[in-house]
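Asks:
Chains as they are written, first to last, in the working numbering: chain A, 348 to 565; chain B, 24 to 421.
Have a look at this one:
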């Protein structure tokens, strides 16, 4: 038997009230409102932060814009400094490449045999350096090659071969290591036909020495 | 909450109502209360709870009536009282049965119900007996003896529109009245109850939200009365095939049941209720009011000469009802249940046996219900409507 068959209930479902002190009908909309308020506050905080970040970005952009001129100048100065440093470095290569020929040349007179007369002592000029290559905006400051080789040419007269050989042997001494190497070539050794006052019989000679390499390095 | 999006589109949000009062599932703890009854001590109220498939009566008492009267018009709705029940009646939900002169309850065909809905008046109410006296106001309500203040049918454009027949058990508002129907065991016949819309709203708000109990059911008193038989052991033993005679102070009703479903509900014509029977004893036998109960119960004075005209009419109508059940529904009635008679059952029983060769059984209203210790009921018949309201609203299946 179904009691419900006799239940003629005139109360609508929508009119039924909850006997619980915690009323979902009240709690749910309240929670929904609180959630909406929470969301609004959250969005407010986010909006405020966004505004703050935007103002910071604006001030930073203004700052950058104001400092861009000086920044450009600083960059130019930094580039100039780098350039100068490079130039100094190039110049340092020359400093490393300095030949100290004065002392060996001072000793050269001491070892000269009596019967040898040096008529000419020359060092051929170094090969030309291309310091303004095509397309370069500024000239180079440094050497274009790392190593530079030159020749020392001794031209003189003598009475016989022995003094010249003695001179050449003396030049092999360590004190002349900065002036000449052992690499040498006798370009000529022959009768000197030039007229002399005592009409003595003289020989002319020409010896070519290779000067030690000039190295452009730190 | 409804939100109208466009002219034609409306979306509706249904927030959960929560608590123990929502939904239509069976309830195991509830209060039944009869509002604006004839009981002089207040509103008869019972608390029923179900334990191990047995109903228990936790409390039964008369409760002070709410302040104010049942509204008789929309203007009276301004005086909406709230009502709280005593602690021992604070079940999760309450079933309210109301005695309203403007209410209606009866059996009717679908057409009759639609007609009633269309006109917005109670048409299924059976006519009051011609001898009815104008009733005095009791507990703020015109007594059911008073002719119902039937409002004039509202002849509006809306009232000419044929309403849709309401779904079973779903309250429907139409033309200022609220209707609810349940099907009979007979095809196209229904039980129909209705109340004015303002009374339904007033009753629905009587018990405040957030405090136990809140209303889960509003029933017309006669509807609850019909359900009061549901826990009776003899009703269950007969498999729900029974003819029951309900005697109230102002009226007598016949109810027929077939396999637990209603097949007959009828007010006994030309017969007033128990109070009229007492008046007959007083007038005929010339006894004092206080002695009537003794006359009806004791054998010192035979009250049958006074009761005969009264009982005779009822028994005639009972015979008609029995014949109807037998011919129409093939229910062979060999005994009739009599409910609601405080005193004098024996005289009815003798008369029935002599006149109709029928057995009358008159069980106590709370038969089939286990009464808790401490529950003291002096006049059980007063609680019949409250009991029926609770049993019907429980919606259990037995």
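The C-beta atom is built at its ideal place from N, Cα and C for all residues, glycine as well.
1. Near residue 378 of chain B, what residues of its chain come up, given a Cβ to Cβ distance below 7 angstroms and the 5 sequence neighbours on each side ignored?
2. Which residue wins for smallest C-alpha separation from residue 565 of chain A, given the options A/495, A/559, A/444, A/457?
3. State buried or exposed for residue 418 of chain A, treating a residue as buried only when at least 16 other CB atoms are found within 10 Å of its CB.
4. Give the interface partners of residue 329 of chain B over in chain A, defined as CB-CB distance under 8 angstroms, in chain order.
5. What residues in its chain sit with their C-beta under 7 angstroms from that of residue 479 of chain A, if we drop five residues either side in the sequence?
6. Note down, in chain order, every chain A residue with its Cβ under 8 angstroms from the Cβ of residue 242 of chain B.
7. Let me confirm a value: residue 239 of chain B is counted as buried when at least 16 other C-beta atoms fall within 10 Å, else exposed. Which label applies?
8. Could you have a look at residue 425 of chain A and say whether DSSP puts it in helix, strand or coil?
9. Please give me, in chain order, every unbroken run of the beta strand (DSSP E) with length at least 3 that falls completely inside the segment 182–245 of chain B.
10. In chain order, which continuous runs of the alpha helix (DSSP H) of length 4 or greater are located wholly inside the segment 394–455 of chain A?
11. Pull out every residue of the segment 240–270 of chain B whose Cβ sits closer than 8 angstroms to any Cβ of chain A, in chain order.
12. Would you please state the rounded distance, in angstroms, between the beta carbons of residue 113 of chain B and residue 235 of chain B? I believe it to be under 8 angstroms.
13. Mind checking residue 207 of chain B: buried by the 16 CB within 10 Å criterion, or exposed?
14. With respect to the alpha helix (DSSP H) encompassing residue 333 of chain B, which residues constitute its N-terminal and C-terminal limits?
15. Just grab the DSSP bridge partners of residue 465 of chain A for me.
16. So with CB distances below 7 angstroms, who are the chain A contacts of residue 5 of chain B?
17. 7 angstroms is my cut-off, CB to CB: does residue 414 of chain B come that close to chain A?
18. According to DSSP, is residue 78 of chain B part of a helix, a strand, or is it coil?
19. Anything in the segment 203–231 of chain B with a Cβ closer than 7 angstroms to a Cβ of chain A? List those residues in chain order, please.
20. Looking at the C-beta of residue 164 of chain B, does it have a partner C-beta in chain A at a distance below 7 angstroms?
21. DSSP three-state call for residue 387 of chain B: helix, strand or coil?
22. Flag residue 55 of chain B as yes if its beta-carbon sits less than 7 angstroms from any beta-carbon of chain A, otherwise no.
23. Give me whichever residues DSSP pairs with residue 116 of chain B in a beta bridge.
24. Excluding five sequence neighbours on each side, which residues of the same chain lie with their C-beta closer than 8 angstroms to the C-beta of residue 467 of chain A?
25. Out of B/215, B/262, B/408, B/373, point me to the one whose CA is closest to residue 355 of chain B's CA.
26. Under a CB-based cut-off of 7 angstroms, is residue 369 of chain B close to chain A?
27. Can you tell me which of B/108, B/127, B/125, B/124 puts its alpha carbon nearest to the alpha carbon of residue 118 of chain B?
28. Less than 7 angstroms between the beta carbons of residue 371 of chain A and residue 242 of chain B, yes or no?
29. Check whether the Cβ atoms of residue 556 of chain A and residue 531 of chain A lie closer than 7 angstroms to each other.
30. Output, in sequence order along the chain, the residues in the segment 394–415 of chain A whose CB is closer than 9 angstroms to any CB in chain B.
31. Going along chain A, which residues have a C-beta under 9 angstroms from residue 285 of chain B?
32. Any beta carbon from chain B within less than 7 angstroms of residue 378 of chain A's own beta carbon?
33. Once the 5 residues before and after residue 348 of chain B are set aside, which same chain residues still bring their CB inside 8 angstroms of it?
34. Using the three-state DSSP reduction, which class does residue 151 of chain B fall into: helix, strand or coil?
35. Does any residue of chain A bring its CB to less than 7 angstroms from the CB of residue 238 of chain B?
36. What three-state label does DSSP hand residue 248 of chain B in the structure shown?
Replies: Once the coordinates are examined:
1. 338
2. A/444
3. exposed
4. Within chain A, no residue comes near residue 329 of chain B; the closest Cβ sits about 35 angstroms away, beyond 8 angstroms.
5. 486
6. 354, 355, 356, 357
7. buried
8. helix
9. 195–197, 200–206, 212–219, 237–243
10. 449–455
11. 240, 241, 242, 243, 246, 249, 250, 253, 259, 263
12. 4 angstroms
13. buried
14. 327–352
15. A/503
16. Lying outside 24 to 421, the shown extent of chain B, residue 5 of chain B is not represented and no answer is given.
17. yes
18. strand
19. 203, 205, 214, 216, 218, 223, 227
20. At residue 164 of chain B, the pLDDT of 32 sits below 50, so the modelled position is not reliable; the number obtained from the coordinates is stated separately. No, its Cβ sits nowhere closer than 7 angstroms to a Cβ of chain A.
21. coil
22. no
23. B/53, B/237
24. 500, 501, 502, 503
25. B/262
26. no
27. B/108
28. no
29. yes
30. none
31. 352, 353
32. no
33. 266, 279, 281, 286, 287, 354, 356
34. With a pLDDT of 48 at residue 151 of chain B, under the threshold of 50, the predicted position of this residue should be treated as unreliable, though the coordinate-derived value follows. Correct three-state label for residue 151 of chain B: coil.
35. yes
36. helix
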